[in-house]
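First the structure, in the form of structure tokens, and then the observations on it.
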Amino acid sequence: MNTHLVEDSPLILGNHQFNSRLIVGTGKYETYDLMRDCLEASEAEVITVAVRRERLIDAQGRNILDFIDLNRYTILPNTAGCFNAEDAVRVARLGREILEGLENPGVDWVKLEVLGDKKTLLPDPIATLEATEQLVADGFQVLVYTSDDPMAARRLKNAGATSVMPAGSPIGSGQGILNPNNIRICLEYLKQDDPDYPVIVDAGVGTASDVCFAMELGIDGVLLNTGIAAAKDPLRMARAMKKACQSGREAALAGRIPKKMYATASSPETGLPI
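For the sequence shown, position 44 matches number 43 in numbering that gives the first Met the number 0, and the numbering has no gaps at all.
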């Protein structure tokens, strides 16, 4: 029996290195205080922030960044709410300017979202590729949200994306990993020439078991928001998501037993007294 413990390695995303493989969003919380507490409970080291002005500043004129410990978290600015490449590139540059002023290490990267429509919130594949190419040329490390289409994922990697992030299911849907086979194929294609290339499931996970299953597929991390923020008890769910991410990663490193048609006895069949 192999009792060798496979040691884990840090999550490396471009120039950044982290111990936690859970990335958490900052939207949809009932209060900024609850958001702050959930971020802490999740033990995430990277948090995403939508940088469009109407999302940074609430109706009372409060800035979400005032409730985030900028010395504790690396901010991953995102282009949520953009529906064409031009807007996404502009918002990404705005995020870089904001973080330059705050001296946060997240200044050199962006979570790219270019959506097709407001009903499905699925990515526009052509505009996403166009924006990726422009932002890579502009010096960004691009973590790009995409569908679970392996062909699209491979094109985005070839365009220079630091990480390709296929959706488990539509944003905020809570449906979990709808097509694990496509995620597996994405992993195969994206890691074929570079086993360390980071692949992160972004969107759709609704509870801890979804996160655990995603990690068991062999991905490198999970990015989520609604699964915590919209839970009945967000603080408890934040802790559950943290543990699920850790558990799924451990299971992936351990290697599951193969599935079989028939039973296999757990007890030895040799040396029986009768």
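All C-beta atoms in this analysis are idealised placements derived from N, C-alpha and C, irrespective of residue type, glycine included.
Restricting to Cα atoms, I'd like to know which of Gly60, Ile74 and Asn62 is closest to Gly24. Ile74
As a quick exercise: from Met150, Gly105, Ala160 and Thr145, pick the residue whose alpha carbon is nearest that of Glu132. Ala160
Within a Cβ cutoff of 8 Å, which residues of the same chain sit near Leu38, ignoring the five residues on either side of it in sequence? Val23, Thr25, Ile46, Ile67, Tyr72 and Ala237
How long is the line joining the alpha carbons of Glu42 and Ala152, rounded to whole angstroms? 29 Å
For Asp201, name the three-state secondary structure that DSSP assigns. strand
Shortest alpha-carbon distance to Gln59 belongs to which of Met260, Lys156 and Thr30? Thr30
Report the option in Glu112, Arg92 and Ile56 whose CA atom is closest to the CA atom of Asn83. Glu112
With Pro169 as the anchor, note down where its alpha helix (DSSP H) starts and where it stops. Run containing Pro169: none; DSSP gives neither H nor E here.
What's the gap between the Cα of Pro76 and the Cα of Gly94? 6 Å
Ala251, buried or exposed, once every other Cβ within 10 Å from all chains shown has been counted against 16: buried
To which residues does DSSP link Leu186 through a beta bridge? Answer by DSSP bridge pairing: none, since Leu186 is not bridged.
Round the Cβ separation of Ala207 and Tyr144 to the nearest angstrom and send it over; I've been treating them as touching at under 8 Å. With 8 Å as the limit, Ala207 and Tyr144 do not qualify as a contact, their Cβ atoms being about 22 Å apart.
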